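Sequential numbering of the sequence shown, starting at 1, is according to UniProt numbering.
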Amino acid sequence: MGQMTGMQWRILTTAALGSNGARTVLANGTGTFTAGAQREMTAVGNTATLKYNGVTLGSYTGTLPTGLYGGITTGSSDNLIDNYAAGTQ
1 MGQMTGMQWR ILTTAALGSN GARTVLANGT GTFTAGAQRE MTAVGNTATL KYNGVTLGSY
61 TGTLPTGLYG GITTGSSDNL IDNYAAGTQ
């Protein structure tokens, strides 16, 4: 999952449904984010990458969970995400 909150970004995993919902941060950093920008989260093989307007913010290579759901979160109910799509290639 990719998360952008204020001036921070994170690539993280969330514990499976029915558990405590704990999150594990795999990579993080800072940046400036604006409304209307394109955010992209990809997971290919064992590498997860988070992009902002086509520029890579960061990536993580290692063990990734499989058979789960992907997503993007703002970390705030004040921010909205639209035109979201997820799938496999």
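Glycine included, C-beta positions come from ideal geometry on N, C-alpha and C.
Values in this document were obtained by computation on a predicted structure and should not be read as measured data.
In the DSSP assignment, T24 is bridged to T13. When the beta-carbon positions are compared, A48 and A22 stay at least 9 Å from each other.
Shown here for M7: same chain residues with a beta carbon closer than 8 Å to its own, the five before and five after excluded, namely T30, G31, T32, F33 in chain order. Nearest Cα to P65 within the set N53, N46, Y52, A35: N46.
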